[in-house]
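Chains as they are written, first to last, in the numbering used here: chain A, 1 to 202; chain B, 1001 to 1192.
All remarks here apply to the structure that follows.
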């Protein structure tokens, strides 16, 4: 019986090979018992299947589309609302940043401006002209390097530069020496250049 | 073989899915209504047999219609329309089953009943309700994947090739699944 059952299940589920199928068909035509078993199984399956023919309330199907469109609308609204959950905090954050960042900049500028004003107000014009401007005239490089040891240390020691030489080297006022070169004609400049080349090549 | 039967004669607009889809794409809402009218009962019955109750089946049916409405623009007739619809129903039904299993898994109350009561069933006849309950009791005891194959073969008369297109499984695997489903169904109906 169990053997027949498995055969029937294999037969109904299409798992038999062509030859197995042919043999089972032959068995069905010869054995009433096997045929009855197969018919019983088919009847039980058919009984289950008949439930899909059961009459359903047509009002449900008549109302299906309007309900679907309502649900669709609700979903769209929910989607828009769910977007607000992200948009509102983002907008709030941007707004707060907008408020905070420029004010921080303004605070910095105000503080810096106040300090500058205070320094200028506390130093008289006389002090500025007598001390700072004179010092800049005499030792422009020391004014530039004062408190900047790093630059001073980077000066090559074998240059043996005294203050005056270095001052000329970095001082903008010595620019006149270079600018005087512009007053030379091309031939004069070439002549000087050639003499320099001859001297350095020896 | 087609699982579709319509009230209209062959060659009418309702029978032609291609024309209906094209009409819908051209802006005809009426064409969508006709598509729904044609397939709504198939969708509902598949969902109902998979899920075992009206409320879940109703939820899945509506979701399927929404997906159809939103995605029909992307449908390119690589498969037939009913295969495409069946894919959606199948996926949504299995998802609904998984959702319920997850709810059960995380439920604090072990005895909480997740099977919705059919207070608003659309089957009114008591004898028919009893028949449906019997089928439900059998089908709900089969693993969902086997249940799906069994429903497609036994209730929807789909061929293995059609089921293969819908589920993406090999015909050999489907035959094995159907064999095991049949075996369990016959054992369960024998017990009664």
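Backbone N, C-alpha and C fix where the C-beta goes; we use that ideal spot for every residue, glycine too.
Cross-chain neighbours of residue 997 of chain B in chain A, by beta carbon under 7 Å: The structure shown does not extend to residue 997 of chain B, since chain B is modelled only from 1001 through 1192, so no value can be given for it.
Segment contact flag, the segment 1067-1074 of chain B with the segment 1021-1032 of chain B, C-beta cutoff 8 Å, min 3 pairs: As far as the Cβ criterion goes, the segment 1067-1074 of chain B touches the segment 1021-1032 of chain B, which means the pair count is three or higher.
Meets three-Cβ-pair contact criterion under 8 Å: the segment 1142-1161 of chain B and the segment 1173-1186 of chain B: yes
Cβ of residue 54 of chain A within 8 Å of any chain B Cβ: yes
Under 8 Å (Cβ pairs) to chain B, residues found in the segment 5-16 of chain A: 5, 9, 10, 12, 13, 14 and 15
Partners in chain B for residue 67 of chain A, counting only beta-carbon separations shorter than 8 Å: 1062
Listed by chain order, chain A residues near residue 1183 of chain B by CB distance under 7 Å: Those are 9, listed as they occur along chain A.
Per-residue DSSP class, three states only, for residue 1135 of chain B: Helix, per DSSP.
Of the residues B:1185, B:1044 and B:1059, the one placed nearest residue 57 of chain A, counting alpha carbons only: B:1044
Residues within the segment 1135-1150 of chain B neighbouring chain A, beta-carbon criterion of under 8 Å: 1135 and 1138
Contact list for residue 28 of chain A against chain B, beta-carbon separation under 8 Å: What residue 28 of chain A touches in chain B: nothing, since even the nearest Cβ is about 18 Å away.
Assigned secondary structure, residue 1048 of chain B (DSSP; H/G/I helix, E/B strand, else coil): helix
Residue 1066 of chain B: contacting residues in chain A (beta-carbon distance under 8 Å): Using a Cβ-Cβ cut-off of 8 Å, residue 1066 of chain B is close to 68, 71, 72 and 75 of chain A, given in chain order.
CB contact below 8 Å: residue 1075 of chain B versus chain A: Cβ-Cβ to chain A under 8 Å: no for residue 1075 of chain B.
Any alpha helix (DSSP H) of 4 or more consecutive residues that is wholly inside the segment 9-42 of chain A: For the segment 9-42 of chain A, the continuous alpha helix (DSSP H) assignments of 4+ residues that do not extend past its boundaries occur at 18-30, in sequence order.
Amino acids of chain A, ordered along the chain, whose beta-carbon sits closer than 8 Å to that of residue 1024 of chain B: Correct list: empty, because the minimum Cβ distance to chain A is about 13 Å.
Residue 14 of chain A vs residue 1160 of chain B beta-carbon contact at 8 Å: Between residue 14 of chain A and residue 1160 of chain B, the gap from beta carbon to beta carbon is short of 8 Å.
Residue 30 of chain A Cβ short of 7 Å to the ligand MN heavy atom set: With respect to the ligand MN, the structure offers nothing, as it holds no ligand at all.
Residue 41 of chain A versus A:55, A:6 and A:86, residue with shortest Cα-Cα distance: A:6
Beta-carbon proximity of residue 1138 of chain B to residue 51 of chain A, cut-off 8 Å: no
Cβ-Cβ distance between residue 1105 of chain B and residue 49 of chain A below 8 Å: no
Minimum Cβ-Cβ distance from residue 1102 of chain B to chain A less than 8 Å: no
Rounded separation between residue 1163 of chain B and residue 1152 of chain B - CA only: 7 Å
DSSP three-state assignment for residue 1142 of chain B, whether helix, strand or coil: coil
Contact set between residue 1160 of chain B and chain A, taken where Cβ atoms lie within less than 8 Å: 14
Sufficient close CB pairs (3 or more, under 8 Å) joining the segment 60-74 of chain A to the segment 1035-1042 of chain B: With a cut-off of 8 Å, the segment 1035-1042 of chain B and the segment 60-74 of chain A count as touching, because enough Cβ pairs lie within range.
Cβ neighbour criterion (16 or more within 10 Å) applied to residue 1073 of chain B: exposed
Closer than 8 Å to chain B by CB, residue 34 of chain A: no
CB of residue 1166 of chain B within 8 Å of CB of residue 1083 of chain B, strictly: yes
Where residue 1175 of chain B meets chain A, residues with beta-carbon distance less than 8 Å: Correct list: 13, 14 and 15.
CB contact check: residue 61 of chain A to chain B, cutoff 8 Å: yes
Residue range of the alpha helix (DSSP H) that includes residue 59 of chain A: 58-62
CA-to-CA distance, residue 1081 of chain B to residue 1020 of chain B, given in whole angstroms: 10 Å
Residues that residue 1122 of chain B contacts on chain A, provided the C-beta gap is smaller than 7 Å: 56, 57 and 60
Bounding residues of the alpha helix (DSSP H) (the contiguous stretch that carries residue 1055 of chain B): Note, residue 1055 of chain B: alpha helix (DSSP H), 1054-1071.
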